[in-house]
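Chemist: Quick one: the structure is below, questions incoming.
Residue numbers (this note's numbering), protein chains in the order written: chain U, 1 to 142; chain C, 1001 to 1133.
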């Protein structure tokens, strides 16, 4: 039971962070990417602040811990390869991010606003994930 | 908005720390959403996390938070954007959170490259849309 409560609280904390920082608004994302126009630098601040908290933990605290509070072990992505799959995936992701000003976190948070466009985006996103799974490259377990 | 950006970022970082500390997992939203929808029987907590995410605005609204975001995209942007974000995050094993925040914090070269790549194509996309539309 506690595993679900902590997951819920952690998710809410993450969601609140996206709302407070305005990152749920597509205009702020597209504004950040619009470096030759009316640039909005806030996304960089959000990422730097998040990294300022997470980096010391991942670098110096995590290596001293043996296992998570719930679960048998810490799971990190196994792959270290900078391959075609990673580059192509990230490049395509960035195009979609620029086109819509949305990525998975803000899109889920957006459900709370009951906006038709958010549901359309999420439907298309899940379809896109399924399409990637059906590529002959094979699916990679993350 | 500078203070709000920093405060929001701190919350996101703290949540990423908590998810690793409690669940032992990277806070990569694209992967968690994928598990919550398609692999729930393996990772039952993922759905609870996703529900928590969607509760974020309700929490902040009670604190007199910022105005609700405006969703006035064209529908082709919604459909194409969603499709490419889903496809690309699955193929590239991550999105802004997993690569951009957690991956960089872990010192993963893969995530640094992925983040620079999607930032670049995002900038080019917005530039081209500004020119053509």
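The beta carbon of each residue, even a glycine, is placed where N, CA and C say it ideally should be.
These numbers come from a predicted model, not from an experiment.
Determine the closest residue to residue 1029 of chain C out of C/1046, C/1042, C/1108 and C/1021, with distance taken between C-alpha atoms.
Modeler: As a first step, residue 1029 of chain C must be located in the second chain, where it is residue number 29. Selected option, being the one with the closest Cα: C/1046.
Chemist: Report all residues from its chain with a CB closer than 7 Å to the CB of residue 141 of chain U; omit the five preceding and five following residues, and keep chain order.
Modeler: As a working note, residue 141 of chain U is residue 141 in the first chain. For residue 141 of chain U, the predicted structure reports a pLDDT of 46, less than 50, and the residue's modelled location is therefore unreliable. A value from the coordinates is still provided. Same-chain partners within the cutoff: there are none.
Chemist: Using 8 Å for Cβ pairs, my map puts residue 82 of chain U next to residue 1070 of chain C. What's the rounded Cβ distance?
Modeler: Here residue 82 of chain U corresponds to residue number 82 of the first chain, with the count starting at 1. Here residue 1070 of chain C corresponds to residue number 70 of the second chain, with the count starting at 1. Residue 82 of chain U to residue 1070 of chain C, Cβ: 37 Å. No contact.
Chemist: Would residue 49 of chain U pass as a contact of residue 1006 of chain C if the rule is Cβ separation under 8 Å?
Modeler: Locating residue 49 of chain U in the first chain gives position 49, counting from the first residue. Locating residue 1006 of chain C in the second chain gives position 6, counting from the first residue. The answer is yes: Cβ separation under 8 Å.
Chemist: Is the distance from the Cβ of residue 46 of chain U to the Cβ of residue 1009 of chain C below 8 Å?
Modeler: As a first step, residue 46 of chain U is located in the first chain; it is residue number 46 there, counting from the start. As a first step, residue 1009 of chain C is located in the second chain; it is residue number 9 there, counting from the start. Result yes, Cβ atoms of residue 46 of chain U and residue 1009 of chain C sit closer than 8 Å.
Chemist: Less than 7 Å between C-beta atoms, sequence neighbours within five positions excluded: which residues of the same chain meet that for residue 26 of chain U?
Modeler: Walking along the first chain from the start, residue 26 of chain U turns up at place 26. For residue 26 of chain U, where only same-chain residues beyond five positions count, the Cβ hits under 7 Å are 100, 101 and 102.
Chemist: Could you work out which residue in U/12, U/43, U/77 and U/98 is closest to residue 1118 of chain C when comparing CA atoms only?
Modeler: For the purposes of this step, residue 1118 of chain C is identified with residue 118 of the second chain, where counting begins at 1. Nearest of U/12, U/43, U/77 and U/98 to residue 1118 of chain C, Cα basis: U/98.
Chemist: Report the residues of the segment 92 to 106 of chain U with a CB closer than 9 Å to any CB of chain C, ordered along the chain.
Modeler: Cβ contacts with chain C come from 92, 93, 94, 95, 96, 97, 98, 99, 100, 101, 102, 103, 104, 105 and 106.
Chemist: With 8 Å set as the bound, which would you pick, yes or no: does the beta-carbon of residue 63 of chain U sit closer than that to a beta-carbon of chain C?
Modeler: Position 63 of the first chain, counted from the first residue, corresponds to residue 63 of chain U. Output row for residue 63 of chain U: interface = no.
Chemist: Given a threshold of 16 other Cβ atoms within 10 Å of its Cβ, counted over all protein chains shown, does residue 111 of chain U qualify as buried or as exposed?
Modeler: Position 111 of the first chain, counting from 1, holds the residue named residue 111 of chain U. Residue 111 of chain U is buried by the Cβ-count criterion.
Chemist: Out of U/78, U/107 and U/124, point me to the one whose CA is closest to residue 1111 of chain C's CA.
Modeler: Walking along the second chain from the start, residue 1111 of chain C turns up at place 111. Cα-wise, what sits closest to residue 1111 of chain C is U/78.
Chemist: Using a Cβ-Cβ distance cut-off of 8 Å, determine whether residue 1019 of chain C contacts chain U.
Modeler: Residue mapping note: residue 1019 of chain C aligns to position 19 of the second chain, counting from 1. Cβ-Cβ to chain U under 8 Å: yes for residue 1019 of chain C.
Chemist: Looking at chain C, is there any beta carbon in it that lies within less than 8 Å of the beta carbon of residue 134 of chain U?
Modeler: As a first step, residue 134 of chain U must be located in the first chain, where it is residue number 134. Cβ-Cβ to chain C under 8 Å: no for residue 134 of chain U.
Chemist: Find out if the Cβ-Cβ distance for the pair residue 57 of chain U, residue 1017 of chain C is shorter than 8 Å.
Modeler: Along the first chain, one-based indexing puts residue 57 of chain U at 57. Along the second chain, one-based indexing puts residue 1017 of chain C at 17. Yes, the Cβ-Cβ distance between residue 57 of chain U and residue 1017 of chain C is below 8 Å.
Chemist: Spatial neighbours of residue 86 of chain U within its chain, please: C-beta separation below 7 Å, excluding the five flanking residues on both sides.
Modeler: The residue given as residue 86 of chain U occupies position 86 in the first chain. Cβ neighbours of residue 86 of chain U beyond the five flanking positions: none.
Chemist: Within a Cβ cutoff of 8 Å, which residues of the same chain sit near residue 1011 of chain C, ignoring the five residues on either side of it in sequence?
Modeler: Residue mapping note: residue 1011 of chain C aligns to position 11 of the second chain, counting from 1. Nothing listed; no residue qualifies.
Chemist: Residues in the same chain with beta-carbon distance under 7 Å from residue 1019 of chain C, minus the five sequence neighbours each way, listed in chain order, please.
Modeler: By one-based count along the second chain, residue 1019 of chain C stands at place 19. Closer than 7 Å at the Cβ level, and outside the excluded window around residue 1019 of chain C, lie 1025 and 1027.
Chemist: Given that a residue counts as buried once 16 or more other Cβ atoms are within 10 Å of its Cβ, and exposed if not, what is residue 73 of chain U?
Modeler: Looking up residue 73 of chain U in the first chain gives position 73. Per the 10 Å Cβ criterion, exposed.
Chemist: Mind pulling the alpha helix (DSSP H) runs of 4 or more residues that sit fully within the segment 1022 to 1046 of chain C?
Modeler: If we require 4 residues or more, the alpha helix (DSSP H) runs fully inside the segment 1022 to 1046 of chain C come out as 1029 to 1038.
Chemist: Excluding the 5 residues flanking residue 5 of chain U on each side, which residues of the same chain have their C-beta closer than 6 Å to its C-beta?
Modeler: Taking the first residue of the first chain as 1, we reach residue 5 of chain U at position 5. Excluding residues within five positions, none has a Cβ falling inside 6 Å.
Chemist: Chain C beta carbons: is any one of them nearer than 8 Å to that of residue 1 of chain U?
Modeler: Residue 1 of chain U sits at position 1 when you count from the first residue of the first chain. Answer no: the Cβ-Cβ gap between residue 1 of chain U and chain C never drops below 8 Å.
Chemist: Note down, in chain order, all residues in the segment 1073 to 1094 of chain C with a beta-carbon under 8 Å from any beta-carbon belonging to chain U.
Modeler: Within the segment 1073 to 1094 of chain C, the residues whose Cβ lies closer than 8 Å to some Cβ of chain U are 1073, 1075, 1077, 1078, 1079, 1080, 1081, 1082, 1083, 1084, 1085, 1086, 1087, 1088, 1089, 1090, 1091, 1092, 1093 and 1094, listed in chain order.
Chemist: With a CB to CB cut of under 8 Å and the five nearest residues on each side skipped, what residues in its chain are close to residue 1004 of chain C?
Modeler: Counted from its first residue, the second chain places residue 1004 of chain C at position 4. For residue 1004 of chain C, where only same-chain residues beyond five positions count, the Cβ hits under 8 Å are 1066.
Chemist: Note down, in chain order, every chain U residue with its Cβ under 7 Å from the Cβ of residue 1132 of chain C.
Modeler: As a working note, residue 1132 of chain C is residue 132 in the second chain. The contacting residues do not exist; residue 1132 of chain C stays about 12 Å from chain U at best.
Chemist: Cβ of residue 52 of chain U versus every heavy atom of the ligand ATP: is any distance shorter than 7 Å?
Modeler: In the structure shown, the ligand ATP is absent, as is every other ligand, since no ligand is present at all.
Chemist: For residue 1098 of chain C, which three-state DSSP category applies?
Modeler: Taking the first residue of the second chain as 1, we reach residue 1098 of chain C at position 98. Here residue 1098 of chain C sits in helix by DSSP.
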